[in-house]
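A.B. asks:
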Amino acid sequence: MTALYRMFLAAQVTRGRMSGLGALGLLAVLLGVALGAGDGADPVGDGISLVNTFGLSLFVPVTTLVFASAVLGEPNEDGTLAYLWLRPVARWRLVAAALAAALTVSLPTVVVPMAVAAAATGAGGALVAATAASCTLATVAYAGIFLWLGLRVRRALVWGLAYILVWEGFVATSGGTASLLAVRSHTRSLLARLAGGPEQLVEVSAATAVALPIAAAVVAFALTVRRLTRQDVA
Amino acid sequence: MIEVTQVSKWFGDVVAVSDVSFGVGPGVTALLGPNGAGKSTLLRLLCGLTRPSQGSVRVLGDDPRRHPELFRRIGLVPQQEALFEGMTARTFVSLAAELHAVTAPGAAAEAALATVDLDPGDTRTVASYSKGMRQRVKVAQALVHDPEVLILDEPLDGLDPRQRLGLITLFRRLGDEGRTVLVSSHVLDEVERFGSRVLVLAQGRLAAEGDFHAIRQLMDNRPHRLRLRTDAPHALGAALLGTGTVVGLAVSGTDQLVVDTLDVAGFRLAVAPAARQAGARLLELVPLDDDLESVFRYLVGPGGSR
Chain A
8 MTALYRMFLA
18 AQVTRGRMSG
28 LGALGLLAVL
38 LGVALGAGDG
48 ADPVGDGISL
58 VNTFGLSLFV
68 PVTTLVFASA
78 VLGEPNEDGT
88 LAYLWLRPVA
98 RWRLVAAALA
108 AALTVSLPTV
118 VVPMAVAAAA
128 TGAGGALVAA
138 TAASCTLATV
148 AYAGIFLWLG
158 LRVRRALVWG
168 LAYILVWEGF
178 VATSGGTASL
188 LAVRSHTRSL
198 LARLAGGPEQ
208 LVEVSAATAV
218 ALPIAAAVVA
228 FALTVRRLTR
238 QDVA
Chain B
7 MIEVTQVSKW
17 FGDVVAVSDV
27 SFGVGPGVTA
37 LLGPNGAGKS
47 TLLRLLCGLT
57 RPSQGSVRVL
67 GDDPRRHPEL
77 FRRIGLVPQQ
87 EALFEGMTAR
97 TFVSLAAELH
107 AVTAPGAAAE
117 AALATVDLDP
127 GDTRTVASYS
137 KGMRQRVKVA
147 QALVHDPEVL
157 ILDEPLDGLD
167 PRQRLGLITL
177 FRRLGDEGRT
187 VLVSSHVLDE
197 VERFGSRVLV
207 LAQGRLAAEG
217 DFHAIRQLMD
227 NRPHRLRLRT
237 DAPHALGAAL
247 LGTGTVVGLA
257 VSGTDQLVVD
267 TLDVAGFRLA
277 VAPAARQAGA
287 RLLELVPLDD
297 DLESVFRYLV
307 GPGGSR
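Taken in order, these protein sequences are the chains called A and B. All residue numbers for the first sequence refer to the working numbering, where the first residue is 8 and numbers rise by one. All residue numbers for the second sequence refer to the working numbering, where the first residue is 7 and numbers rise by one.
1. With distances taken from CA atoms, which of A:Leu168, A:Gln19, A:Leu134 is nearest proline 205 (chain A)?
2. Assuming serine 24 (chain B) is part of the beta strand (DSSP E), what are its boundary residues?
3. Helix or strand or just coil, what does DSSP make of alanine 169 (chain A)?
4. If you run the structure through DSSP and keep just helix, strand and coil, what is glutamate 267 (chain B)?
5. Could one say the Cβ of leucine 93 (chain A) lies closer than 7 Å to chain B's Cβ atoms, at least one of them?
6. Alpha carbons only, please: which of B:Arg96, B:Pro167, B:Leu288 is nearest the one belonging to alanine 118 (chain B)?
7. Taking just the CA atoms, how far does phenylalanine 28 (chain B) sit from valine 187 (chain B)?
8. When you compare the CB of threonine 231 (chain A) with every CB in chain B, is at least one pair closer than 7 Å?
9. Listed from N- to C-terminal order along the chain, which residues in the region 153-187 of chain A have their beta-carbon within a distance smaller than 8 Å of any beta-carbon of chain B?
10. Can you have a look at serine 311 (chain B) and say buried or exposed, based on whether 16 or more other CB atoms are within 10 angstroms of its CB?
11. With leucine 55 (chain B) and aspartate 239 (chain A) assumed to form a contact (beta carbons below 8 Å), what rounded beta-carbon distance in angstroms separates them?
12. Using alpha carbons as the reference points, say which of B:Gly272, B:Arg57, B:Ser190, B:Asp125 lies closest to leucine 235 (chain A).
13. Comparing C-alpha positions only, which one of A:Gly182, A:Phe74, A:Arg13 sits nearest to alanine 150 (chain A)?
14. Could you check where the beta strand (DSSP E) with serine 62 (chain B) kicks off and where it finishes?
15. Within a Cβ cutoff of 7 Å, which residues of the same chain sit near proline 239 (chain B), ignoring the five residues on either side of it in sequence?
16. On the three-state DSSP scale, how would you describe aspartate 239 (chain A)?
17. Less than 8 Å between the CB atoms is what I'm expecting for valine 206 (chain B) and alanine 213 (chain B), so what's the real figure, rounded?
18. Anything in the region 38-64 of chain B with a Cβ closer than 7 Å to a Cβ of chain A? List those residues in chain order, please.
19. Using a Cβ-Cβ cutoff of 9 Å, what residues of the region 75-91 of chain A are near chain B? List them in chain order.
20. For valine 244 (chain A), which residues of its own chain have a beta-carbon under 6 Å away from its beta-carbon, when the five flanking residues on both sides are left out?
21. Tell me whether threonine 249 (chain B) sits in a helix, a strand or coil according to DSSP, three-state version.
22. Under 8 Å, CB to CB, which of the residues in the region 124-143 of chain B have a partner in chain A?
23. Could you compute how far the alpha carbon of arginine 94 (chain A) sits from the alpha carbon of arginine 199 (chain B)?
24. Bridge partners of valine 206 (chain B), per DSSP?
25. Going along chain A in order, which residues have a C-beta closer than 7 Å to the C-beta of glutamate 75 (chain B)?
26. Grab the span of the beta strand (DSSP E) containing leucine 234 (chain B) for me, first residue to last.
27. Leaving out five residues before and five after cysteine 53 (chain B) in sequence, what residues of the same chain have Cβ atoms less than 7 Å from its Cβ?
28. Name the residue from B:Phe273, B:Gly181, B:Gln209 whose alpha carbon lies nearest to the alpha carbon of valine 23 (chain B).
29. Whose C-beta lies closer than 7 Å to the C-beta of leucine 101 (chain A) among residues of the same chain, with five residues either side of it excluded?
30. Measuring alpha carbon to alpha carbon, tell me which residue in A:Pro120, A:Ala97, A:Arg237 is nearest leucine 31 (chain A).
31. Where methionine 25 (chain A) and arginine 211 (chain B) are concerned, what is the direct C-alpha to C-alpha distance, given to the nearest angstrom?
32. Establish whether the CB of leucine 1 (chain B) and some CB of chain A are separated by less than 7 Å.
33. Tell whether a beta-carbon distance below 7 Å holds between valine 226 (chain A) and threonine 146 (chain A).
34. Kindly list, in the order they appear in chain B, the residues whose Cβ is closer than 8 Å to that of alanine 127 (chain A).
35. Does DSSP put phenylalanine 200 (chain B) in a helix, a strand or coil?
36. Determine the contact status of threonine 249 (chain B) and alanine 286 (chain B), defining contact as a CB-CB distance below 7 Å.
Here is the structure:
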């Protein structure tokens with residue numbers, strides 16, 4: 008599995024991806040610095056708002072989409088998946104290696120700049136910890152979902168963006184029971200709880216806010232293994 | 007080693023493989039057929055890359071789609087050209103060896119690359135390789151774990167004559183060692199050099215199977231159609247009918263004759279004397295159906311598989 012992991016990881020880290028997403032991370036830090044330089048009356052609330060609006064709504068899901076959907080999606084589309092599929096390797100190990108590679112590259116790309124941005128707001132250590140925890144949780148959930156999406160559909164980036172905008176954006180902000188089914192609702196809830204801000208969107212316990220996104224990742228992982236086992240390979 | 011029983015595969019309304027049954031044992035077997043005959047689909051079915059719509063495939067007694075462990079004993083050279091472009095040949099083949107749990111994967115990769123006449127120390131990525139080099143990398147990754155069954159989809163495509171000879175010799179050696187080697191090709195003369203058993207696939211159906219030489223004779227003995235251009239088509243036609251080598255004849259336009267013959271060699275010997283006898287100038291003689299497509303059309307034409 009180590010060989011697979013190394014291979015997937017090397018394929019993920021391209022100059023184009025890293026520079027594009029690195030620029031987004033830099034933008035997050037600059038926004039944090041700008042917020043910290045202002046004289047807002049509620050630095051914690053402003054910080055939570057920044058992490059919510061820029062991090063959990065845009066930067067985290069888009070970055071994870073770019074990496075996770077490509078890990079299996081690109082070899083599936085260009086035909087090189089056959090060179091991995093034709094090996095005596097359990098399908099779950101293939102998927103686990105792909106997920107580990109997606110997480111290895113996605114987590115530092117999003118969590119570090121978001122945590123730095125949170126620190127730059129001057130809202131205190133609680134916000135930094137909450138940002139790190141909620142971004143990590145979101146990345147894990149989205150990595151599972153987008154790994155499956157990359158294998159399931161062609162042009163996964165387009166479908167993934169539609170999911171982020173329509174499902175995570177619209178459903179998560181609609182309130183009510185439907186918002187329980189969006190990753191963003193739970194990660195926002197966790198962020199607010201840990202940072203000491205007001206609850207947003209859904210009223211769930213911290214344990215539920217952590218458990219449901221992880222459950223989504225586990226289900227997506229199982230679906231990816233099933234898909235890889237049953238689909239035709241080019 | 008390989009058992010295919012009443013296998014069909016369709017994609018929507020398109021039937022790629024239709025009710026095909028055959029068995030393949032140790033030695034080299036060639037899968038011959040024109041482009042679009044269903045060869046690649048059949049080879050993908052054998053490796054489990056796609057599942058049959060009907061029928062069953064067994065390789066070494068098991069269904070490869072259900073038992074990934076079987077891939078320890080199978081090697082495939084797929085048709086698609088894509089490789090992991092950012093890797094060197096050694097890294098690519100070494101990865102294959104690692105995934106097969108080969109002891110000392112680096113050394114195994116170097117040996118496999120040397121077998122196909124590639125430099126294991128080459129530091130260039132495969133993205134910069136020529137088509138022939140890429141083909142040989144694909145063969146190396148299929149050989150690196152020393153499989154019992156080797157399935158090769160058009161492995162000689164893009165190779166120069168010397169490289170072709172090298173790989174043909176390699177495949178024959180592997181067959182002689184008792185491995186099951188199934189090689190697909192759409193080039194009749196290429197298959198002849200394998201000196202092997204042949205499966206002929208046309209339009210998704212198994213058109214013929216058996217010893218290459220018997221099938222070659224069957225192909226050579228089919229009716230042939232030729233076109234002649236002459237300044238006196240009617241006179242030449244009459245003279246050719248008198249030679250007894252022509253079974254059908256039609257005048258086309260003012261200067262062309264289309265003839266059917268069962269004996270091409272005899273016809274070629276008879277045509278010049280016939281032209282002289284008829285006082286006709288023979289301007290051109292062109293075979294109309296010597297391409298492989300025509301041969302396969304004949305094999306699966308009226309009368310069914312031969």
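Ideal Cβ placement from N, Cα and C applies to all residues, glycine included.
C.D. replies: A quick look at the data gives this:
1. Of the candidates A:Leu168, A:Gln19, A:Leu134, the one whose C-alpha sits nearest the C-alpha of proline 205 (chain A) is A:Leu134.
2. 20-30 is the extent of the beta strand (DSSP E) around serine 24 (chain B).
3. Shown here, alanine 169 (chain A) sits in a helix according to DSSP, grouped into three states.
4. Residue identity differs from the one stated: residue 267 (chain B) is threonine in this sequence, not glutamate. Correct three-state label for threonine 267 (chain B): strand.
5. For leucine 93 (chain A), the answer is yes, since a Cβ of chain B falls inside 7 Å of its Cβ.
6. For alanine 118 (chain B), the nearest C-alpha among the options comes from B:Arg96.
7. Straight-line spacing of the CA atoms in valine 187 (chain B) and phenylalanine 28 (chain B) works out to 15 Å.
8. It does not; no Cβ of chain B falls within 7 Å.
9. Per Cβ criterion, the list is empty.
10. Only weak support is given to the placement of serine 311 (chain B): the predicted model assigns it a pLDDT of 45, under 50, and the question is left unresolved by the model.
11. In this structure leucine 55 (chain B) is in contact with aspartate 239 (chain A), their Cβ atoms being roughly 7 Å apart against a cut-off of 8 Å.
12. Comparing alpha carbon positions, the residue from B:Gly272, B:Arg57, B:Ser190, B:Asp125 closest to leucine 235 (chain A) is B:Arg57.
13. Taking each of A:Gly182, A:Phe74, A:Arg13 in turn and checking the Cα distance to alanine 150 (chain A), the smallest one comes out for A:Phe74.
14. Note, serine 62 (chain B): beta strand (DSSP E), 60-65.
15. Here the set comprises Val257, Asp261, Gln262, Leu263.
16. In the three-state reduction of the DSSP assignment, aspartate 239 (chain A) falls in the coil class.
17. Alanine 213 (chain B) and valine 206 (chain B) do touch by the CB rule: their CB atoms are close to 5 Å apart, below 8 Å.
18. Listed by position along the chain: Cys53, Leu55, Thr56.
19. Within the region 75-91 of chain A, contact with chain B at the beta-carbon level (separation under 9 Å) is assigned to Pro82, Asp85, Gly86, Thr87, Ala89, Tyr90, Leu91.
20. Chain A is shown only over 8 to 241; residue 244 (chain A) falls outside these bounds and no answer can be derived.
21. Three-state result, threonine 249 (chain B): helix.
22. Within the region 124-143 of chain B, no residue qualifies.
23. Distance between the alpha carbons of arginine 94 (chain A) and arginine 199 (chain B): 31 Å.
24. Answer by DSSP bridge pairing, in chain order: B:Leu38, B:Ala214.
25. The contacting residues are Pro95.
26. Note, leucine 234 (chain B): beta strand (DSSP E), 230-236.
27. Same-chain partners within the cutoff: Pro70, Ile80, Leu82, Ile157.
28. Its Cα nearest to that of valine 23 (chain B), the residue B:Gln209 stands out among B:Phe273, B:Gly181, B:Gln209.
29. Excluding five sequence positions before and after leucine 101 (chain A), the CB atoms of its chain that fall closer than 7 Å to its own CB belong to Leu11, Leu91, Leu235, given in chain order.
30. The candidate whose alpha carbon is nearest that of leucine 31 (chain A) is A:Pro120.
31. Each residue's Cα considered, the two are about 50 Å apart.
32. This structure cannot settle anything about residue 1 (chain B), because the visible part of chain B is limited to 7 through 312.
33. The answer is no: Cβ separation not under 7 Å.
34. The contacting residues do not exist; alanine 127 (chain A) stays about 36 Å from chain B at best.
35. Three-state DSSP puts phenylalanine 200 (chain B) in a helix.
36. No. Outside cutoff.
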